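Novice: Chains as they are written, first to last, in my numbering: chain A, 57 to 270; chain B, 57 to 270.
All C-beta atoms, glycine included, are put in the ideal place defined by N, C-alpha and C.
Owing to the predicted nature of the structure, the values given are computational and were not obtained by experimental measurement.
2 protein chains.
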Amino acid sequence: MATANRAPARARAASKGEQTREAILAHALGLATRIGFEGLTIGRLADDLKMSKSGLFAHFRSKEALQLEILKMAGGRMIESVVKPALSAPRGEPRVRALFERWLAWEQSPSLPGGCPFMAASFELDDRPGPVRDYVVQNLRDWMDTLAGAARIAVSEGHFRADLDCEQFAHDCQGIGLAFVHASRLMRDPKARARAASAFEALLAAGLAPGRRR
Amino acid sequence: MATANRAPARARAASKGEQTREAILAHALGLATRIGFEGLTIGRLADDLKMSKSGLFAHFRSKEALQLEILKMAGGRMIESVVKPALSAPRGEPRVRALFERWLAWEQSPSLPGGCPFMAASFELDDRPGPVRDYVVQNLRDWMDTLAGAARIAVSEGHFRADLDCEQFAHDCQGIGLAFVHASRLMRDPKARARAASAFEALLAAGLAPGRRR
DNA sequence: GACAGAACCGAACGGTCGTACTATTTTGGA
DNA sequence: TCCAAAATAGTACGACCGTTCGGTTCTGTC
Chain A
57 MATANRAPAR ARAASKGEQT REAILAHALG LATRIGFEGL TIGRLADDLK MSKSGLFAHF
117 RSKEALQLEI LKMAGGRMIE SVVKPALSAP RGEPRVRALF ERWLAWEQSP SLPGGCPFMA
177 ASFELDDRPG PVRDYVVQNL RDWMDTLAGA ARIAVSEGHF RADLDCEQFA HDCQGIGLAF
237 VHASRLMRDP KARARAASAF EALLAAGLAP GRRR
Chain B
57 MATANRAPAR ARAASKGEQT REAILAHALG LATRIGFEGL TIGRLADDLK MSKSGLFAHF
117 RSKEALQLEI LKMAGGRMIE SVVKPALSAP RGEPRVRALF ERWLAWEQSP SLPGGCPFMA
177 ASFELDDRPG PVRDYVVQNL RDWMDTLAGA ARIAVSEGHF RADLDCEQFA HDCQGIGLAF
237 VHASRLMRDP KARARAASAF EALLAAGLAP GRRR
């Protein structure tokens with residue numbers, strides 16, 4: 057054990073504590089999506105990572121803080137793998153498409169065995185006030201704003217109808233995504249992906265500018 | 057207390073046990089929608105109803121059985137207050153509308169302070185196999201079939217396009233409902249109801265038979 | 001190589017969980 | 001009115017929960 061190779065000291069190597077902290081959060085994220093944020097247990101987490109409960113606990117001063125950190129990591133990852141890449145797509149309809157496509161992919165990313173943590177948290181925490189719920193709401197709001205913003209750009213680019221309600225568009229996208237998770241994770245419907253694509257195309261078709269109808 | 061009037065002995069009065077059993081389930085249903093099925097606790101339930109844990113527990117032989125009974129009661133209520141009344145609406149588009157309207161109303165029924173239990177259970181149990189999950193899936197499948205069936209009738213009545221994909225229609229309705237719960241319960245969006253109505257109208261408009269467009 | 005601080009462990013706390021057993025009370029038909 | 005059956009209470013168990021605390025081991029800097 058003692059001979060294990062250290063990570064080369066490039067770029068201000070993260071201290072030991074930060075490393076394990078990161079490892080804890082990464083594993084906890086996967087776990088939380090499967091068994092829920094409330095069902096997530098420090099003991100279970102410690103066992104999985106072959107640590108002591110107390111050693112793990114020391115990294116966060118409470119379970120609530122742990123939950124918050126998990127969600128923050130998830131939020132960061134989502135921005136990194138959904139929003140940022142989509143922003144490199146051309147303004148207008150292509151970017152809206154990119155956002156949606158990458159979002160669906162994110163939902164079933166292998167690092168999220170139980171699906172998007174925010175979806176799960178949405179229904180788990182909707183009646184439990186507190187900072188965790190607040191963060192989820194904030195994050196979802198940001199996401200909806202991103203969607204609506206992309207739609208607004210598509211309007212100004214002349215891709216979408218000028219009178220399109222962009223907030224409604226974002227809301228409808230959210231519905232398609234929720235139905236997708238519902239169909240794929242709970243109902244195990246193999247056509248879930250096709251259903252989501254079909255619904256999205258219909259929504260898009262209804263929003264296109266008159267000259268762009270296909 | 058002893059002078060309390062008994063329910064008049066009409067129609068094979070439910071035995072004492074069945075009464076309390078019913079009372080337990082009714083209260084448990086409301087509780088489960090708020091704090092979740094996993095978070096639901098026998099002790100908490102007993103306290104609320106001023107019973108002993110063991111006395112309450114004796115009615116169900118396990119917590120899992122209790123959860124199942126809760127869901128069965130919810131399923132029954134949903135049929136009673138959504139499906140059955142809607143069946144008295146005229147075949148075709150009106151019935152589809154009635155189903156959807158009553159469904160939204162059911163979501164925010166006062167007896168379900170935390171919203172539709174199946175919605176909550178969908179995301180809470182999607183990764184936890186067992187009879188409870190199975191029942192939820194079965195129930196949701198029945199509901200989707202009901203929706204799709206009503207749409208099929210609307211097709212054969214000439215209200216909807218002949219080439220409408222009725223399963224897709226049901227799926228899209230589900231999405232609108234999920235987005236409604238999401239917007240109203242989590243985001244506390246006062247426009248949630250209007251958003252759902254708007255999305256439903258758009259979906260309906262896209263499905264109407266050519267001669268019926270408005 | 002010493003030393004301060006960070007990281008981690010082990011044991012323990014009070015509490016609650018679901019469940020099992022045994023009494024006790026209540027119910028309702030003969 | 002009596003009495004078996006049904007309903008409820010009481011108590012206890014073992015498991016696990018989040019959290020605390022004092023001690024041990026490791027890390028990284030001078």
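1. Using C-beta distances below 7 Å, list every residue in its chain close to residue 148 of chain A, excluding the 5 sequence neighbours before and after it, in chain order.
2. Establish whether the CB of residue 123 of chain A and some CB of chain B are separated by less than 8 Å.
3. Answer yes or no: does any C-beta atom of chain A fall closer than 8 Å to that of residue 196 of chain B?
4. Sorted by chain position, which residues of the same chain lie with C-beta nearer than 7 Å to residue 129 of chain B's C-beta, five sequence neighbours on each side aside?
5. If you draw a straight line from the C-alpha of residue 267 of chain B to the C-alpha of residue 260 of chain B, how long is it?
6. Out of A:262, A:88, A:224, A:238, state which residue places its alpha-carbon closest to the alpha-carbon of residue 254 of chain B.
7. So, helix, strand or coil for residue 156 of chain B, using DSSP?
8. Could you tell me which of A:201, A:247, A:142, A:75 sits nearest to residue 17 of chain A, measuring between CA atoms?
9. Can you list, in chain order, the residues of its chain whose CB lies under 8 Å from that of residue 141 of chain A, leaving out five sequence neighbours each side?
10. Per DSSP, residue 256 of chain B forms a beta bridge with which residues?
11. Cβ closer than 8 Å: which chain B residues qualify as neighbours of residue 167 of chain A?
12. DSSP three-state call for residue 264 of chain B: helix, strand or coil?
13. Please confirm if residue 258 of chain A has its CB atom under 8 Å from at least one CB of chain B.
14. Measure how close the beta-carbons of residue 192 of chain A and residue 178 of chain A come, nearest whole angstrom, since I'm counting them as under 8 Å.
15. For residue 216 of chain B, which residues does DSSP report across the bridge?
16. Quick one: is residue 92 of chain A near chain B, going by C-beta distance under 8 Å?
17. Going by other Cβ atoms of all chains shown within 10 Å of its Cβ, with 16 needed for buried, is residue 230 of chain B buried or exposed?
18. Out of curiosity, what's the CA-to-CA distance linking residue 120 of chain B and residue 161 of chain B?
19. Going along chain B in order, which residues have a C-beta closer than 8 Å to the C-beta of residue 208 of chain A?
20. So, helix, strand or coil for residue 107 of chain B, using DSSP?
21. If you draw a straight line from the alpha carbon of residue 218 of chain A to that of residue 204 of chain A, how long is it in whole angstroms?
Specialist: This is what the structure gives:
1. Here residue 148 of chain A is taken as the residue at index 92 of the first sequence, counted from 1. 209, 210, 213, 215.
2. In the first sequence, residue 123 of chain A corresponds to position 67, counting from 1. Residue 123 of chain A does not count as touching chain B.
3. Working through the second sequence from its first residue, we reach residue 196 of chain B at position 140. Under the 8 Å criterion on CB atoms, residue 196 of chain B is classed as interfacial with respect to chain A.
4. In the second sequence, residue 129 of chain B corresponds to position 73, counting from 1. Answer for residue 129 of chain B: 81, 85, listed in chain order.
5. Numbered from its first residue, the second sequence carries residue 267 of chain B at position 211. Numbered from its first residue, the second sequence carries residue 260 of chain B at position 204. Each residue's Cα considered, the two are about 14 Å apart.
6. Walking along the second sequence from the start, residue 254 of chain B turns up at place 198. The shortest C-alpha separation from residue 254 of chain B is found at A:224.
7. Taking the second sequence and counting its residues from 1, one reaches residue 156 of chain B at position 100. The three-state secondary structure of residue 156 of chain B, taken from DSSP, is helix.
8. Residue 17 of chain A lies beyond the stretch modelled for chain A, which goes from 57 to 270, so this question has no answer here.
9. Stepping through the first sequence from its first residue, residue 141 of chain A is reached at position 85. Same-chain partners within the cutoff: 154, 158.
10. Looking up residue 256 of chain B in the second sequence gives position 200. Partner(s): none; residue 256 of chain B has no beta bridge.
11. Along the first sequence, one-based indexing puts residue 167 of chain A at 111. From the beta-carbon of residue 167 of chain A, no residue of chain B is found nearer than 8 Å; the closest lies around 15 Å away.
12. For this step, residue 264 of chain B is matched to residue 208 along the second sequence. Residue 264 of chain B: strand per DSSP, three-state reduction.
13. On the first sequence, residue 258 of chain A is found 202 positions in, with the first residue counted as 1. Residue 258 of chain A has a beta carbon lying within less than 8 Å of a beta carbon in chain B.
14. Walking along the first sequence from the start, residue 192 of chain A turns up at place 136. Walking along the first sequence from the start, residue 178 of chain A turns up at place 122. Contact between residue 192 of chain A and residue 178 of chain A holds: CB atoms are separated by about 7 Å, below the 8 Å threshold.
15. Here residue 216 of chain B is taken as the residue at index 160 of the second sequence, counted from 1. According to DSSP, which records beta bridges pairwise, residue 216 of chain B is partnered with B:264.
16. Along the first sequence, read from residue 1 onward, the residue named residue 92 of chain A stands at position 36. True, the Cβ-Cβ gap to chain B drops below 8 Å.
17. Residue mapping note: residue 230 of chain B aligns to position 174 of the second sequence, counting from 1. Under the 10 Å beta carbon count, residue 230 of chain B is surrounded by 16 or more other beta carbons and is classified as buried.
18. Locating residue 120 of chain B in the second sequence gives position 64, counting from the first residue. Locating residue 161 of chain B in the second sequence gives position 105, counting from the first residue. Rounded to whole angstroms, residue 120 of chain B to residue 161 of chain B spans 29 Å at the Cα level.
19. Locating residue 208 of chain A in the first sequence gives position 152, counting from the first residue. Chain B residues near residue 208 of chain A: none, gap ~17 Å exceeds 8 Å.
20. Here the question's residue 107 of chain B lines up with position 51 in the second sequence. Here DSSP, grouped into helix, strand and coil, assigns residue 107 of chain B to coil.
21. For the purposes of this step, residue 218 of chain A is taken as the residue at position 162 of the first sequence. For the purposes of this step, residue 204 of chain A is taken as the residue at position 148 of the first sequence. C-alpha separation (whole angstroms): 14 Å.
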